[in-house]
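Trainee: I have a structure here, written as structure tokens, and I will follow up with some questions on it.
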Amino acid sequence: MNLADKIESGRLSVLHMLDAAARTCPDRIALIDDDMRVSYRDYVSSVNAFAQRLSSRGVAGQRVVLLCENSVDFAIALYGIYASGGQAVPISPAFTSHELETIIGDCSPVVCIADSDKAVEKLKSAGSNTPVESLIQTGSGSASLVERAGTNEQGGLREIYLPESDLLANLLYTGGTTGRPKGVNQTHEQLSINLDQRQALVPLEMENERILCFMPMYHSFAMSLCVQGAVQTRNTLIIKTKFHPISILESLEKDQVTCLPAGPTALISLLAYEGFEGYDLSHLKLVISGSAALPLETLEAWERMTDSIICEGYGQTEAGPVLTFNPRDGERKAGTVGIVVPETELRIVDADTAGPLEEAGAAGEICAKGPQIMQNYHNRPEENAEALRDGWLFTGDVGFFDTDGYLTICDRKKDMVIVSGYNVYPREINEILLQHPQVVEAATIGVPDAYRGELIQSFVIINNNKTIENNEIKEFCKNFLVFYKIPAEIHVVTSLPKTSVGKINLVELRQILEEQAVKAGAEN
Numbered sequence: 002m003n004l005a006d007k008i009e010s011g012r013l014s015v016l017h018m019l020d021a022a023a024r025t026c027p028d029r030i031a032l033i034d035d036d037m038r039v040s041y042r043d044y045v046s047s048v049n050a051f052a053q054r055l056s057s058r059g060v061a062g063q064r065v066v067l068l069c070e071n072s073v074d075f076a077i078a079l080y081g082i083y084a085s086g087g088q089a090v091p092i093s094p095a096f097t098s099h100e101l102e103t104i105i106g107d108c109s110p111v112v113c114i115a116d117s118d119k120a121v122e123k124l125k126s127a128g129s130n131t132p133v134e135s136l137i138q139t140g141s142g143s144a145s146l147v148e149r150a151g152t153n154e155q156g157g158l159r160e161i162y163l164p165e166s167d168l169l170a171n172l173l174y175t176g177g178t179t180g181r182p183k184g185v186n187q188t189h190e191q192l193s194i195n196l197d198q199r200q201a202l203v204p205l206e207m208e209n210e211r212i213l214c215f216m217p218m219y220h221s222f223a224m225s226l227c228v229q230g231a232v233q234t235r236n237t238l239i240i241k242t243k244f245h246p247i248s249i250l251e252s253l254e255k256d257q258v259t260c261l262p263a264g265p266t267a268l269i270s271l272l273a274y275e276g277f278e279g280y281d282l283s284h285l286k287l288v289i290s291g292s293a294a295l296p297l298e299t300l301e302a303w304e305r306m307t308d309s310i311i312c313e314g315y316g317q318t319e320a321g322p323v324l325t326f327n328p329r330d331g332e333r334k335a336g337t338v339g340i341v342v343p344e345t346e347l348r349i350v351d352a353d354t355a356g357p358l359e360e361a362g363a364a365g366e367i368c369a370k371g372p373q374i375m376q377n378y379h380n381r382p383e384e385n386a387e388a389l390r391d392g393w394l395f396t397g398d399v400g401f402f403d404t405d406g407y408l409t410i411c412d413r414k415k416d417m418v419i420v421s422g423y424n425v426y427p428r429e430i431n432e433i434l435l436q437h438p439q440v441v442e443a444a445t446i447g448v449p450d451a452y453r454g455e456l457i458q459s460f461v462i463i464n465n466n467k468t469i470e471n472n473e474i475k476e477f478c479k480n481f482l483v484f485y486k487i488p489a490e491i492h493v494v495t496s497l498p499k500t501s502v503g504k505i506n507l508v509e510l511r512q513i514l515e516e517q518a519v520k521a522g523a524e525n
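In terms of the numbering used here, the sequence shown is numbered consecutively and its last residue is 525.
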């Protein structure tokens, strides 16, 4: 694809895609949030206005933190950051000040955008040691970012707001094996290329989809598939702030949703809702699943009870985020995460030697190469050297290909735990547990859970074997950790199993829990 073709298709950036949508169908509804309706004409007008506001604060080439719940303002602010030449740093608004302080110290933003008084206070507390030059509040109780355009107003973005393809677009923080989050640098071209790659395997119909987004828009999955995927295909995005089965099912029916990006936890919860079969889901045609492994029984039950299909894929923030998908038009293999997206190579390598494993069915670490792979980790040269080798991204995930080129994920090389689609690293939790005055040693593992994918289980040794309540430690953790990182169970023990070199034996800890589960089952 030459430069002219890229400009014509909007591939240079998601802003080019927004510009094309506003010029092609300015009156089409782009965003729905409860009673609010925003056309593509108003979308662009709002982005233009907010970009001017940010530009006056000198954000070009700098980073801007976005600490907001799902909303129309989130979408406008994200594109406004891009249009001002800034790099967006979306962060979970559920993070504590302790967690925010680490990220703010690492990325040094010049502006922070928050959508509530609580979020503002968190930012002020987190930024006390690394001051932020400017703070903008939106959301409830503050001025909306929506700017209504006149009916005759030109629909497109101002030319000065359309970025060069190699300009940094996002800095997305993901978990790190050191317990510190890592910032993933993505360029505008990497984002737009990955959208095209996903569209090749799981195409959304142009100007004919209604996409429901309840997944957090700060997360790479929802940002790509919902916020940017809707703009790419000039479709309508229906925004929900929180997930609740009744609210989602009502929206699927009332808003005539055709496409539902959703993780396994949400699908399991919807299927389990007592009134599920009473809702009219006849408009729903496609469910896009990712972020965690989808249980086979969930896939089969969903497709049996609805007229929609599920396309399951695989990726990670560092990879754009999409690497594979079961195709919308073609063979979908249950239990796999599909085939590789175009312009991308995946190979399986020996987890210890990194030597290629060519035989179908041979399991090893998944490595990826393609134009959508992240530029690098921000300020992390050692981890860049480990993750990016000779043009390949070493994902840390373990899987294998079948003879037809469909990928199956079977394990993770790292100790990472996935809870409801969120990456959680045990070391970070252990470090918090060890800050409790009574805890002298801690170990954390993930255990399978039918609903959340995995649950956090922690083991602690208490100083001098003193008595302490499980809930007391959990309440302590809430001061430092977002809700999905809080251990589901904390086991107070007198000792932890160790290997011959003195490391905590995580395998034995899992065996202990399995034995306890078997014993409990026998007693019941």
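Backbone N, C-alpha and C define an ideal beta-carbon position, used for all residues, glycine too. Nothing here was measured: the structure is a model prediction, and the numbers come from that model.
Determine, using beta carbons only, whether Phe75 and Met216 come nearer to each other than 7 Å.
Mentor: No, they are not a contact pair.
Trainee: Is the number of C-beta pairs between the stretch 321-341 and the stretch 229-249 that are closer than 8 Å three or more?
Mentor: No, they do not touch.
Trainee: Figure out for me which residue from Thr237, Gln191, Gln187 has the closest Cα to the Cα of Tyr44.
Mentor: Ranking Thr237, Gln191, Gln187 by Cα distance to Tyr44 puts Thr237 first.
Trainee: So, with DSSP's three-state summary, where would you put Leu287?
Mentor: In this structure, Leu287 counts as strand in the three-state DSSP scheme.
Trainee: So, Ile433 versus Cys478, is the Cβ gap smaller than 7 Å?
Mentor: Their beta carbons are under 7 Å apart, which means Ile433 touches Cys478 by this criterion.
Trainee: Do you know how far the Cα of Thr103 is from the Cα of Thr178?
Mentor: With a pLDDT of 44 at Thr178, under the threshold of 50, the modelled position of this residue cannot be trusted, and the question is left open.
Trainee: Look at the Cβ atom of Glu490, then the Cβ atom of Gln458, and state whether they are nearer than 7 Å.
Mentor: Closer than 7 Å, so yes.
Trainee: As a quick exercise: from Gln88, Val121, Val111, pick the residue whose alpha carbon is nearest that of Pro94.
Mentor: It is Val121.
Trainee: With the cut-off set at 7 Å, would you say Val60 and Val112 are in Cβ contact?
Mentor: In contact: Val60 and Val112 (Cβ atoms closer than 7 Å).
Trainee: Going by Cα to Cα distance, which pick from Val258, Cys108, Ser248 is closest to Val65?
Mentor: Checking every option, the nearest Cα to that of Val65 belongs to Cys108.
Trainee: Go ahead and label His245 buried or exposed: buried means 16 or more other beta carbons lie within 10 angstroms of its beta carbon, across all protein chains shown.
Mentor: Answer is exposed; the Cβ neighbour count stays below 16.
Trainee: Per DSSP, which residues does Val420 bridge with? Please list them.
Mentor: Looking at the DSSP assignment, Val420 forms a beta bridge with Tyr423.
Trainee: Sort out for me which residues DSSP pairs Val66 with in a bridge.
Mentor: Per DSSP, Val90, Cys113.
Trainee: With DSSP collapsed to three states, give me the class of Ser143.
Mentor: Of the three classes helix, strand and coil, the one that applies to Ser143 here is coil, per DSSP.
Trainee: Below 7 Å CB to CB, which residues in the same chain sit around Asn506 once its five sequence neighbours on both sides are set aside?
Mentor: These residues qualify, in order along the chain: Pro498, Lys499, Thr500.
Trainee: Any contact between the stretch 409-426 and the stretch 390-400? By contact I mean 3 or more CB pairs, one from each, below 8 Å.
Mentor: With the cut-off at 8 Å, the stretch 409-426 and the stretch 390-400 touch.
Trainee: Using CA atoms only, rank isn't needed, just tell me which of Leu16, Phe96, Gln138, Pro91 is closest to Arg54.
Mentor: Per the Cα distances, Gln138.
Trainee: Would you mind working out which of Arg428, Asp391, Glu360 sits nearest Ile374, comparing C-alpha positions?
Mentor: The option with the nearest alpha carbon to Ile374 is Asp391.
Trainee: How far does the alpha helix (DSSP H) with Lys123 in it reach, from first residue to last?
Mentor: 118-127 is the span of the alpha helix (DSSP H), which, as asked, contains Lys123.
Trainee: Which class does Thr178 belong to by DSSP, given the choice of helix, strand or coil?
Mentor: Residue confidence for Thr178 is low, a pLDDT of 44 falling below 50, so the modelled location carries little weight and cannot support an answer.
Trainee: With which residues is Asp398 paired in a DSSP beta bridge?
Mentor: Beta-bridge pairing links Asp398 to Arg413.
Trainee: Taking 7 Å as the limit between beta carbons, can you name the residues of its chain near Ile469, skipping five residues before and five after?
Mentor: Around Ile469: Gln439, Ile463, Val493.
Trainee: Could you give the distance in angstroms between the alpha-carbon of Pro372 and the alpha-carbon of Leu169?
Mentor: So the alpha carbons of these two residues sit roughly 14 Å apart.
Trainee: DSSP state of Gly81, grouped into three classes?
Mentor: Gly81: helix per DSSP, three-state reduction.
Trainee: Return the chain-ordered list of same chain residues with a C-beta closer than 6 Å to the C-beta of Glu515, the five sequence neighbours on each side being excluded.
Mentor: None.
Trainee: My parser needs the alpha helix (DSSP H) runs of 4 or more residues fully inside the stretch 295-326; what are they?
Mentor: The qualifying runs are 297-306.
Trainee: Give a yes or no on contact between the stretch 257-271 and the stretch 286-299, applying the rule of three or more CB pairs nearer than 8 Å.
Mentor: Short answer: they touch.
Trainee: Would you report the Cα separation of Gly86 and Tyr174, rounded to the nearest angstrom?
Mentor: About 20 Å.
Trainee: To which residues of the same chain is Arg511 closer than 8 Å at the C-beta, ignoring the five residues directly before and after it?
Mentor: Answer for Arg511: Ile446, Val448, listed in chain order.
Trainee: Find the nearest neighbour of Gly454 within the set Glu165, Gly422, Gly184, Val441, judged by alpha-carbon distance.
Mentor: When each option's Cα is compared against that of Gly454, the closest is Gly422.
Trainee: Give a yes or no on whether the C-beta atoms belonging to Pro91 and Leu67 are separated by under 7 Å.
Mentor: Yes, these two residues count as a Cβ contact at 7 Å.
Trainee: Helix, strand or coil for Leu434, going by three-state DSSP, please let me know.
Mentor: In the structure shown, Leu434 sits in a helix (DSSP, three-state: H, G or I).
Trainee: List in chain order: all unbroken alpha helix (DSSP H) runs of 4+ residues lying wholly within the stretch 167-219.
Mentor: Correct list: 189-202.
Trainee: Once you ignore the five residues that flank Phe96 on each side, which residues in its own chain have a CB closer than 6 Å to its CB?
Mentor: Val483.
Trainee: Per DSSP, Thr445 is paired with what?
Mentor: BP columns for Thr445 point to Ser459.
Trainee: Could you tell me which residues DSSP puts in a beta bridge with Tyr378?
Mentor: Answer is Val185, bridged to Tyr378.
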